[in-house]
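Student:
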Amino acid sequence: MTARQRDLLQTLVVLGVLATPGWLLPPTWGLAWLAAVAVLAGPSVWLTWSHAPFVVTPASEVERIVTALRLSPDESFCDLGAGDGQLLVEIRRRTGARCHGIEATPLLYAVARMRIAASGLDRATVQLGDLYRADLSEVDAVYVWGTAYGVGTEAFRQFLEQALPPGARVVSYHTPLWGEPAQHTDTRGLRPLHVYILPGTRPTEQREPGTGAELSRVEVAGVEPASEATQSKRLRV
Ligand SMILES: C[S@@+](CC[C@H](N)C(=O)[O-])C[C@H]1O[C@@H](n2cnc3c(N)ncnc32)[C@H](O)[C@@H]1O
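Residue numbers (numbering that gives the first Met the number 0): 0 to 236.
Have a look at this one:
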């Protein structure tokens with residue numbers, strides 16, 4: 000059984016348990032109960048099947064994650080599979096770095112947007128979409144909770160190496176990302192944190208005078224400069 004099928008089965012079992020009183024109650028109450036379960040919990044079947052199941056990184060782990068990410072305020076961070084945006088907002092608050100999230104589930108994306116708006120923080124954004132299609136070319140560090148399908152695969156490593164700039168940091172909660180050992184694994188919390196640094200030297204970045212926002216990249220040997228089209232799609236920092 001694949002991870003996806005197992006997650007779906009778990010979701011269906013939970014839904015079955017939630018629905019049980021509907022069969023035991025008198026017809027009117029029973030129907031009302033079943034309708035409530037279908038509306039409130041039914042979408043989770045689709046969410047589980049279409050994407051990784053949604054689980055929030057426990058608040059007690061945030062400090063460790065912030066330490067592992069080593070973000071400075073002039074850097075850019077991306078939460079790959081941002082869920083409801085809790086972690087993203089907390090990282091923005093604690094580091095001052097530009098924080099962006101990518102979330103494939105519309106409901107969670109909407110919640111994350113509302114959370115960011117309610118926080119009043121600037122330089123925190125979320126986009127609806129598939130993380131595998133995101134432009135991460137100006138991101139310094141990413142976080143991923145490895146329940147997203149395929150994160151432990153060679154294909155995911157190739158994706159990160161192509162999408163992220165050389166020397167970018169990748170922090171994975173729980174799941175080691177690929178065959179090689181991580182540069183650092185922190186086992187102090189509820190689950191291990193694996194820290195990887197992508198090969199290559201981090202290109203020097205310079206602020207364009209006056210904007211305080213846009214970053215321009217100084218060309219480094221062996222790194223193809225991005226095309227105009229790519230640049231226009233970039234996550235702006
Ligand atoms: C385990 S949750 C982590 C949520 C959040 N990062 C946190 O740590 O609290 C994984 C999230 O990744 C999202 N996800 C899974 N696959 C995705 C993909 N291909 N593109 C974007 N988001 C994805 C899921 O919808 C889910 O919200």
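Even for Gly, the Cβ is constructed at its ideal location relative to N, Cα and C. The structure presented is a predicted model; accordingly, all values stated were derived computationally and were not measured.
Can you tell me which of the three DSSP states GLU254 falls into?
Tutor: Because the chain is modelled from 0 through 236, residue 254 falls outside the range shown and cannot be assessed.
Student: Going by beta-carbon coordinates alone, are TYR108 and LEU127 separated by less than 9 Å?
Tutor: For TYR108 and LEU127, yes; Cβs fall inside 9 Å.
Student: So what's THR66 in DSSP terms, helix, strand or just coil?
Tutor: Helix at THR66.
Student: At a cut-off of 8 Å, would you count THR124 as near ligand 1, judging by its Cβ distance to the nearest heavy atom?
Tutor: It does not: the Cβ of THR124 is nowhere closer than 8 Å to a heavy atom of ligand 1.
Student: To the nearest angstrom, report how far apart VAL110 and GLN157 are at their CA atoms.
Tutor: Rounded to the nearest angstrom, the two C-alpha atoms are 31 Å apart.
Student: Would the beta-carbon of ASP134 be found less than 8 Å away from any heavy atom of ligand 1?
Tutor: Answer for ASP134: no, Cβ out of range of ligand 1.
Student: Work out the CA separation of CYS98 and LEU120 for me, nearest whole Å.
Tutor: Roughly 10 Å between the two C-alpha positions.
Student: Give the straight-line distance between the Cα atoms of ALA67 and LEU7, rounded to the nearest whole angstrom.
Tutor: Rounded to whole angstroms, ALA67 to LEU7 spans 32 Å at the Cα level.
Student: What is the DSSP secondary structure of TRP238, reduced to helix, strand or coil?
Tutor: In the structure as shown, the chain begins at 0 and stops at 236. Residue 238 is therefore absent and cannot be evaluated.
Student: Exposed or buried, ARG5, counting other C-beta atoms within 10 Å across all chains shown (16 or more means buried)?
Tutor: By the neighbour-count rule (16 or more Cβ atoms within 10 Å), ARG5 is not buried but exposed.
Student: Is it true that the CB of LEU176 sits closer than 9 Å to the CB of ASP185?
Tutor: Not a contact, by the Cβ cut-off of 9 Å.
Student: So ALA154 is in the alpha helix (DSSP H); what residue range does that whole segment cover?
Tutor: 153-162 is the extent of the alpha helix (DSSP H) around ALA154.
Student: Which class does GLN85 belong to by DSSP, given the choice of helix, strand or coil?
Tutor: If DSSP states are grouped into helix, strand and coil, GLN85 belongs with the helices.
Student: In angstroms with no decimal places, state the Cα-to-Cα distance between HIS183 and ALA140.
Tutor: Between HIS183 and ALA140, the C-alpha separation is close to 15 Å.
Student: Could you give the residue range of the beta strand (DSSP E) that holds THR124?
Tutor: From DSSP, the beta strand (DSSP E) with THR124 extends over 123-127.
Student: Have a look at PRO198 and ALA162 and give me their C-alpha separation to the nearest angstrom.
Tutor: Approximately 13 Å, taken between the alpha carbons.
Student: On the DSSP bridge list, what partners appear for THR184?
Tutor: In DSSP, THR184 forms a bridge with HIS193.
Student: Starting from ARG168, follow the beta strand (DSSP E) in both directions and report where the run begins and ends.
Tutor: Segment 168-172, the beta strand (DSSP E) holding ARG168.
Student: Can you give me the start and stop residues for the beta strand (DSSP E) that LEU79 sits inside?
Tutor: Start and end: 75-79.
Student: Taking 8 Å as the limit between beta carbons, can you name the residues of its chain near LEU189, skipping five residues before and five after?
Tutor: Taken in chain order, the residues that qualify are PRO57, SER59, GLU60.
Student: Following a CB-centred definition, is ALA103 positioned closer than 8 Å to any heavy atom of ligand 1?
Tutor: Yes, ligand 1 has a heavy atom inside 8 Å of this Cβ.
Student: Taking C-alpha atoms, which residue in ALA103, THR174, PRO180, GLY95 lies nearest to ARG239?
Tutor: A query on residue 239 cannot be resolved here, the shown segment of the chain reaching from 0 to 236 and no further.
Student: On a Cα-Cα basis, can you pick out the residue from HIS173, LEU33, LEU39, GLU179 that is closest to ARG272?
Tutor: Because the chain is modelled from 0 through 236, residue 272 falls outside the range shown and cannot be assessed.
Student: Determine the direct distance from the alpha carbon of PRO164 to that of ALA123, and round the result to whole angstroms.
Tutor: Each residue's alpha carbon lies about 20 Å from the other.
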